[in-house]
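Right, one structure below, let's go through it.
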Amino acid sequence: MKSRENFLLSVVVPCFNEAEVIGETHRRLFSLISKNIEKFEIIFIDDGSTDETLEKLEAIADKNGNIKILALSRNFGHQIAITAGIDAAIGDAVVVIDADLQDPPEVIPEMIDAWKRGADVVYGVRASRDGETSFKVATAKFFYRVIGALSEIKIPYDTGDFRLMDRRVVEALKKMPERDRFIRGMISWVGYQQEPVFYNREKRYAGETKYPINKMLKFAIDGILSFSTKPLQIATLIGISISFLSFVGIVYALILRLFGEGWVPGWTLLFIAVSFLGGIQLIFLGLIGEYIGRIYGEGKKRPLYFLKKSK
Ligand code: UDP
Ligand code: MG
Numbered sequence: 119m120k121s122r123e124n125f126l127l128s129v130v131v132p133c134f135n136e137a138e139v140i141g142e143t144h145r146r147l148f149s150l151i152s153k154n155i156e157k158f159e160i161i162f163i164d165d166g167s168t169d170e171t172l173e174k175l176e177a178i179a180d181k182n183g184n185i186k187i188l189a190l191s192r193n194f195g196h197q198i199a200i201t202a203g204i205d206a207a208i209g210d211a212v213v214v215i216d217a218d219l220q221d222p223p224e225v226i227p228e229m230i231d232a233w234k235r236g237a238d239v240v241y242g243v244r245a246s247r248d249g250e251t252s253f254k255v256a257t258a259k260f261f262y263r264v265i266g267a268l269s270e271i272k273i274p275y276d277t278g279d280f281r282l283m284d285r286r287v288v289e290a291l292k293k294m295p296e297r298d299r300f301i302r303g304m305i306s307w308v309g310y311q312q313e314p315v316f317y318n319r320e321k322r323y324a325g326e327t328k329y330p331i332n333k334m335l336k337f338a339i340d341g342i343l344s345f346s347t348k349p350l351q352i353a354t355l356i357g358i359s360i361s362f363l364s365f366v367g368i369v370y371a372l373i374l375r376l377f378g379e380g381w382v383p384g385w386t387l388l389f390i391a392v393s394f395l396g397g398i399q400l401i402f403l404g405l406i407g408e409y410i411g412r413i414y415g416e417g418k419k420r421p422l423y424f425l426k427k428s429k
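Here the sequence shown stands for residues 119 to 429, numbered as in the numbering used here.
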């Protein structure tokens with residue numbers, strides 16, 4: 119293991135329309151890190167913002183040698199923005215942190231201590247969440263439990279992308295070119311020594327969440343489908359159960375016909391059974407389609423992002 123004493127720290131900050139917060143984020147992050155760490159770089163990624171985020175970032179970088187700016191050619195999404203930042207980072211340890219100060223920068227020194235003691239990944243666990251709607255907290259909780267039940271690897275509950283990674287974890291991540299990226303799961307999958315650090319998730323400093331419900335949903339589906347083929351097995355199991363049920367129905371109808379006084383009555387039952395089955399089949403067809411769509415996406419082998427500016 120390389121010495122973790124005289125190290126370079128990279129901090130990766132994805133930003134999408136964060137003009138309102140970026141100045142304050144830079145001030146807080148910079149003063150904390152320059153106080154605690156000798157060698158560092160802070161990489162801000164502009165994820166195709168439509169406000170003044172990029173101009174503000176460039177002004178900050180012009181005044182400061184430790185700041186790097188990457189601008190993506192359009193909005194690619196949080197996970198891709200993080201990927202671009204990680205690709206560009208040269209540090210021995212790389213920290214990913216949100217731009218809105220919901221992840222307190224003050225936790226970073228704690229992460230570094232854990233890393234120096236031997237952890238390869240130090241992930242932030244949200245011990246509490248101030249200033250988030252109870253809807254978001256409840257759906258997030260539900261989502262992590264569903265992923266936990268479905269996926270073959272353990273993804274720690276209530277974590278975001280706020281974490282520190284050792285260089286060898288970063289190199290491992292770079293070898294994973296998949297498109298539908300659920301980075302917290304990918305990092306968990308990589309292995310090595312992973313440790314939690316608990317923190318209080320604060321209120322967004324300013325502005326609005328960039329994760330509306332549809333993005334959240336897509337993200338959740340990525341999380342499940344990228345790490346599990348269990349939904350497909352569930353389809354098989356349900357198919358087997360329904361076949362068994364209908365076999366029981368056949369035997370029942372035969373007995374009634376041979377030894378009883380007539381036919382099984384009921385168009386209604388027939389109709390319900392047919393539409394029930396039709397529904398189930400379409401749902402699972404759609405599910406298979408989700409997996410195929412992902413294969414199609416991977417098959418095109420497009421690059422994950424393009425940069426329009428880097429400095
Ligand atoms: N973000 C991004 N691209 C996007 C959406 C979000 O880079 O398409 C960034 C955003 O600027 C922030 C982080 O990802 O730094 C987390 O987003 P946000 O705070 O809006 O999500 P929430 O904390 O509400 O889940
Ligand atoms: Mg946020």
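Quick reminder that beta carbons are idealized off the backbone N, C-alpha and C, glycines included.
Residue i: first and last residue of the uninterrupted alpha helix (DSSP H) it sits in
i      : result
ILE273 : No alpha helix (DSSP H) holds ILE273; DSSP gives it neither H nor E.
PRO227 : 226-234
GLN197 : 196-206
GLU399 : Residue identity differs from the one stated: residue 399 is Gln in this sequence, not Glu. Unbroken alpha helix (DSSP H) run through GLN399: 385-417.
GLU176 : 171-180
GLY341 : 331-343
THR347 : No alpha helix (DSSP H) contains THR347, which DSSP labels as neither H nor E.
SER252 : 252-268
GLY303 : 301-308
In DSSP terms, what residue i is bridged to
i      : result
LEU363 : LEU363 pairs with nothing; no bridge assigned.
VAL131 : PHE162
MET283 : VAL212, VAL239
LEU115 : With the chain running from 119 to 429 in the structure shown, residue 115 is simply not present.
LEU126 : LYS157
ARG244 : TYR317
Pick from the options that is closest to residue i, judged by C-alpha positions
i      : options                        : result
ASP238 : ASN193, SER306, GLY404         : SER306
THR168 : ASP248, ALA189, SER393, VAL287 : ALA189
PHE300 : ALA338, ASN318, ARG285, TYR329 : ALA338
ILE401 : GLU159, PRO349, ILE368         : PRO349
PHE316 : SER359, SER246, LYS181         : SER246
VAL421 : MET294, ILE160, ASP210, PHE365 : Strictly speaking, residue 421 in this sequence is Pro, with Val absent from that position. Closest by alpha carbon: MET294.
GLY380 : ALA371, THR386, LEU388, LEU387 : ALA371
GLU313 : SER346, ILE413, ASP231         : ASP231
PHE280 : ASP216, ARG375, ILE198, ASN154 : ASP216
ASP340 : GLY209, LYS153, GLY195         : GLY195
First and last residue of the uninterrupted beta strand (DSSP E) at residue i
i      : result
GLN312 : 312-319
ALA189 : 185-190
Distance cut-off 7 angstroms: residue i Cβ against heavy atoms of the ligand GDP
i      : result
ARG146 : The ligand content of the structure shown is limited to the ligand UDP and the ligand MG, which means the ligand GDP is not among them.
Three or more beta-carbon pairs under 8 angstroms between the segment 171-184 and the segment 229-236, yes or no? no
Contact between the segment 249-259 and the segment 134-149 (3+ Cβ pairs under 8 angstroms): no
Cβ contact (3+ pairs, closer than 8 angstroms) linking the segment 384-402 and the segment 129-141: no
Decide if the segment 213-220 is in contact with the segment 311-321; the criterion is three or more beta carbon pairs, one per stretch, under 8 angstroms apart. yes
When a residue counts only if its C-beta is closer than 7 angstroms to some heavy atom of the ligand MG, which residues count, in chain order? ASP216, ASP218, GLN220, ARG322, THR327
Counting Cβ pairs closer than 8 angstroms, one from the segment 152-169 and one from the segment 185-201, do we hit at least three? yes
May I ask you to verify whether the segment 342-358 touches the segment 270-289, counting CB pairs closer than 8 angstroms and requiring at least 3? yes
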